[in-house]
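Chemist: After the structure tokens below, expect a handful of questions from me.
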Amino acid sequence: MTNSPNPATSTKWAVLRSSPASRICSGAMTLIGAALLAAPQFFGANVVQQLTSLFIFVILAMMWNALAGYAGLVSVGQQAFIGLGAYGTILLSQWGVQPYLAMILAAVAAAALAAILSLLVLRLRGGQFAVGTWVVAEAIALLVALDQGLGGGTGTSLRGLNVYPREVRTAFTYWLTLGFTLLLVLLLFFLLRNRTGVALQAIRDDEEVAASLGVRVWPVKFALFVLAGFGCGAAGALTLANTLFIQPQSIFGVQWSAYLIFMVLVGGLGTFEGPIIGAILFFVVQYEFADLGAWYLIGLGLIAITFALFLPRGLWSLINDRLHIRLLPVGYHLLYPRVRGPGRGGA
Amino acid sequence: MNWINAIIQGVFLGGLYALFACGLSLMFGVMRIINLAHGDLAVVGAFGVWVVATRWHLSPFIALLLVLPAMLLLGYMLHRTVLARSLRSGPLTPLLTTFGLAIVIQNALLQIFSPDVHSLGSLTGSISTGSWRLTSQLSVPYQGVLVLVVAILLLGALQFILQHTGFGREMRATAQDPETAELIGVPASSVYARATAIAVATAALAGAFLAIHSTFDPSSGPTQLIFAFEAVVIGGLGSIWGTLIGGIVLGIAQTIGATLDPQYSILAGHLVFLAVLASPRGRLIATGTAIT
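Chains as they are written, first to last, in the numbering used here: chain A, 10 to 356; chain B, 461 to 752.
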């Protein structure tokens with residue numbers, strides 16, 4: 010953090026990391042985080058279950074935004090890792106691993122698979138990467154559906170969790186979700202705050218120029234792809250724990266990608282705060298309108314197109330551009346002297 | 461004999477995939493974007509042909525002739541309204557908008573036509589059911605030959621347009637450097653709009669042949685997009701005839717997979733695609749060009 014000179018008296022330029030808003034907000038988020046931990050004490054199992062699915066959306070939106078917003082990798086295949094996390098948990102619990110431990114291990118396994126798959130899909134760029142990840146997701150879904158031990162095409166349930174009473178089960182799942190969310194927020198936060206974050210944005214803006222300026226493109230993309238595999242794997246495992254039943258068509262379905270694109274585009278692509286806002290919005294929209302079926306999805310698609318065309322940096326940019334607020338100190342911003350008077354220019 | 465039959469069927473299936481891949485490859489070559497709604501636009505074409513053919517009791521082939529100009533117009537309008545704007549905001553936006561468009565098209569079709577499975581096979585009579593019998597176990601279906609011939613003609617026509625006409629030169633110039641092309645009087649947006657129109661019309665053509673070959677429903681689009689993309693990558697982004705080879709390789713992989721077990725059909729195609737991606741040639745894909 011830079012020692013910030015007072016803008017009213019200083020005539021020097023200064024590059025700042027944090028601002029009063031981001032300091033207040035970082036503090037407030039810590040408090041909110043602590044309050045959220047206590048939620049199962051005050052609310053019933055239904056509310057806790059809903060909150061869990063909200064945080065799963067937050068995790069997914071952050072991971073997709075990390076890929077698309079920071080590394081320029083638009084993935085239509087993150088459902089591969091969502092499904093792997095869920096089916097990994099089933100497989101491990103069939104082998105006798107305690108279900109909650111199985112969920113964590115399954116997320117790690119999804120990250121390991123992402124590391125292997127990155128050798129293939131990171132060879133592709135832009136639209137090729139998008140469809141390439143989609144093919145990988147389809148291939149994995151077909152492989153899983155072939156395995157009768159995992160329920161084949163009809164789906165399967167996580168029996169290991171049925172031994173716990175419902176209140177206890179939902180509370181544990183919620184805390185685990187909160188733990189994963191916090192871990193991923195922190196991982197992403199530190200990744201974006203150090204030089205990797207700058208490298209990532211350079212790659213997103215122009216990969217060739219970034220490479221020619223000495224940014225090592227591959228390791229940075231690799232790190233994010235593996236992180237996103239881990240996060241999406243965790244989200245899949247948590248979805249399974251939250252609903253207890255999964256089918257390959259739905260957990261490996263491309264509708265996940267539609268939801269993710271909606272959340273991140275509406276919230277704000279390439280911002281830290283945007284996906285969180287988008288996830289909350291999507292949670293509300295889904296709660297209110299999901300019964301409309303096809304019309305609901307037509308609406309999601311149209312809104313996503315509108316945002317992509319007319320407000321590409323999402324709702325967060327509206328707030329940010331007007332108020333210059335950064336809730337989390339991930340970027341840099343310029344403080345310049347406000348000089349009033351003729352002949353003395355400011356930018 | 462089973463295997464030879466599988467390979468023959470695969471070649472014809474490959475013709476269909478090459479038809480799907482043609483428009484995808486054209487748009488990628490000229491504009492550097494992958495239209496994620498390509499498969500769904502093909503399904504729109506298939507539904508268009510189905511509606512015209514059943515309402516006025518026309519042969520699907522005549523219906524196709526009526527639908528193609530409408531799809532040309534649709535493609536043109538698509539570029540003027542959505543794609544032109546999204547191309548201006550960087551390389552990611554066209555992906556996001558075409559994916560959104562794919563969701564909208566699929567669900568609009570679902571709302572209009574219900575999730576029922578349709579086919580044009582029954583309307584084309586002997587073309588979709590008949591075949592030449594070579595031996596007791598080997599037969600060559602009429603519609604397979606027809607699709608392959610149409611695919612070869614379409615790819616040949618595209619090759620001819622690109623290499624020997626003024627519009628083709630404009631497309632190649634714009635593909636190489638849109639700014640410089642504009643400087644010498646070739647407006648990129650006009651070239652892009654015409655290329656999109658052609659791509660959408662070829663998608664509709666492919667959709668109609670899919671409908672004749674087998675069945676289609678509102679959610680058939682993404683699968684066809686994936687097959688088209690696999691055909692383009694297997695054949696190598698870089699040549700028009702590579703697309704045909706890629707389609708045929710994918711088709712043969714699927715029919716041989718299906719011979720082992722019907723469940724392996726699509727999976728076998730995906731695995732061949734991933735193998736190509738893993739091969740040393742896969743390294744070159746990201747930098748490849750579709751139009752040379």
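In this text, a Cβ means the ideal position worked out from N, Cα and C, and glycines have one as well.
I'd like to know if THR634/B contacts chain E, where contact means its C-beta is closer than 9 angstroms to some C-beta of that chain.
Modeler: Here the protein chains are A and B, and chain E is not one of them.
Chemist: Going by the beta-carbon positions, is the gap between VAL117/A and GLY242/A smaller than 9 angstroms?
Modeler: Yes. Within cutoff.
Chemist: Just to check my reading of the structure: VAL88/A and GLY262/A have Cβ atoms closer than 8 angstroms, yes? What is that Cβ distance to the nearest angstrom?
Modeler: What sits at residue 88/A in the sequence shown is Gln, not Val. The pair is a contact, with the Cβ atoms about 6 angstroms apart (cut-off 8 angstroms).
Chemist: State the Cα-Cα distance for the pair TRP463/B and GLN469/B, rounded to the nearest angstrom.
Modeler: Taking the straight line from one Cα to the other gives about 10 angstroms.
Chemist: Does the distance from the C-beta atom of VAL294/A to that of LEU309/A stay below 9 angstroms?
Modeler: Yes. Within cutoff.
Chemist: If you follow the beta strand (DSSP E) that TRP592/B is part of, which residue opens it and which one closes it?
Modeler: Here the beta strand (DSSP E) through TRP592/B covers 591-593.
Chemist: Give a yes or no on whether the minimum CB-CB distance between GLU147/A and chain B is below 9 angstroms.
Modeler: By this cut-off, GLU147/A is an interface position.
Chemist: Which residue comes first and which comes last in the alpha helix (DSSP H) that contains SER599/B?
Modeler: Counting along the chain, SER599/B falls outside any alpha helix (DSSP H), though it belongs to the beta strand (DSSP E) covering 599-601.
Chemist: Report back the beta-carbon spacing between ILE99/A and THR165/A to the nearest angstrom; my notes put them in contact at under 8 angstroms.
Modeler: That belief holds up - the Cβ atoms of ILE99/A and THR165/A are roughly 6 angstroms apart, short of 8 angstroms.
Chemist: Return the chain-ordered ranges of every beta strand (DSSP E) run that is complete within the segment 548-618 of chain B and spans a minimum of 3 residues.
Modeler: Correct list: 591-593, 599-601.
Chemist: I'd like to check one pair, GLY245/A with PRO551/B: are the Cβ atoms closer than 9 angstroms?
Modeler: No. Outside cutoff.
Chemist: Helix or strand or just coil, what does DSSP make of VAL145/A?
Modeler: Helix, per DSSP.
Chemist: So, with DSSP's three-state summary, where would you put LEU200/A?
Modeler: The answer is helix: DSSP assigns LEU200/A an H, G or I state.
Chemist: Taking a contact to mean a Cβ-Cβ separation below 9 angstroms, would you say ASN495/B touches PRO575/B in this structure?
Modeler: The answer is no: Cβ separation not under 9 angstroms.
Chemist: Taking the alpha carbon of PHE627/B as the reference point, which residue from ARG654/B, ALA664/B, THR640/B has its own alpha carbon closest?
Modeler: Per the Cα distances, ARG654/B.
Chemist: Just how far apart, CA to CA, sit ALA70/A and GLN210/A?
Modeler: Taking the straight line joining both Cα atoms gives about 18 angstroms.
Chemist: Please confirm if PRO682/B has its CB atom under 9 angstroms from at least one CB of chain A.
Modeler: So yes, PRO682/B belongs to the interface.
Chemist: For LEU479/B, go through chain A and note every residue whose CB falls closer than 7 angstroms to its CB, in chain order.
Modeler: None at all; the shortest Cβ gap to chain A is about 18 angstroms.
Chemist: Could you say which of ASP214/A, ALA146/A, VAL106/A, TYR96/A lies nearest to GLN157/A if we only look at CA atoms?
Modeler: Ranking ASP214/A, ALA146/A, VAL106/A, TYR96/A by Cα distance to GLN157/A puts TYR96/A first.
Chemist: Using DSSP with H/G/I as helix, E/B as strand and the rest coil, what is THR640/B?
Modeler: Three-state result, THR640/B: helix.
Chemist: Mapping DSSP to helix, strand and coil, what is VAL85/A?
Modeler: Residue state, collapsed to three classes: coil.
Chemist: Between the C-alpha atoms of GLY581/B and VAL736/B, what's the straight-line distance to the nearest angstrom?
Modeler: One C-alpha to the other measures close to 34 angstroms.
Chemist: Can you confirm whether PRO49/A, when its beta carbon is compared against all beta carbons of chain B, has any partner nearer than 9 angstroms?
Modeler: No, no contact with chain B.
Chemist: Under the DSSP definition of a beta bridge, which residues are partnered with THR165/A?
Modeler: According to DSSP, THR165/A bridges with ILE255/A.
Chemist: Closest to LEU222/A by CA distance: which of LYS230/A, VAL229/A, ILE212/A is it?
Modeler: Ranking the options by Cα distance to LEU222/A, first place goes to ILE212/A.
Chemist: GLN597/B to PHE687/B, Cα distance in whole Å?
Modeler: Taking the straight line joining both Cα atoms gives about 28 angstroms.
Chemist: If we count Cβ pairs, one from each stretch, closer than 8 angstroms, do we get three or more for the segment 641-654 of chain B versus the segment 102-110 of chain A?
Modeler: No, the segment 641-654 of chain B does not touch the segment 102-110 of chain A.
Chemist: Rounded to the nearest angstrom, what separates LEU685/B and PHE559/B at their Cα positions?
Modeler: Taking the straight line from one Cα to the other gives about 11 angstroms.
Chemist: Using beta carbons (cut-off 9 angstroms, strictly below), is ASP330/A in contact with chain B?
Modeler: By this cut-off, ASP330/A is not an interface position.
Chemist: Along chain A, in chain order, which residues have C-beta atoms closer than 8 angstroms to that of SER546/B?
Modeler: Correct list: ALA317, LEU318.
Chemist: Quick one: grab the DSSP three-state call for PHE281/A.
Modeler: Coil, per DSSP.
Chemist: Could you tell me which residues DSSP puts in a beta bridge with PHE676/B?
Modeler: HIS578/B.
Chemist: Report yes or no: do three or more beta-carbon pairs, one from the segment 664-671 of chain B and one from the segment 486-502 of chain B, lie closer than 8 angstroms?
Modeler: Result yes; three or more Cβ-Cβ pairs closer than 8 angstroms.
Chemist: Could you tell me the distance, in whole angstroms, from the CA atom of TRP265/A to the CA atom of PHE90/A?
Modeler: Approximately 11 angstroms, taken between the alpha carbons.
Chemist: Which stretch, first to last residue, makes up the alpha helix (DSSP H) that contains GLN264/A?
Modeler: GLN264/A -> alpha helix (DSSP H) spans 264-276.
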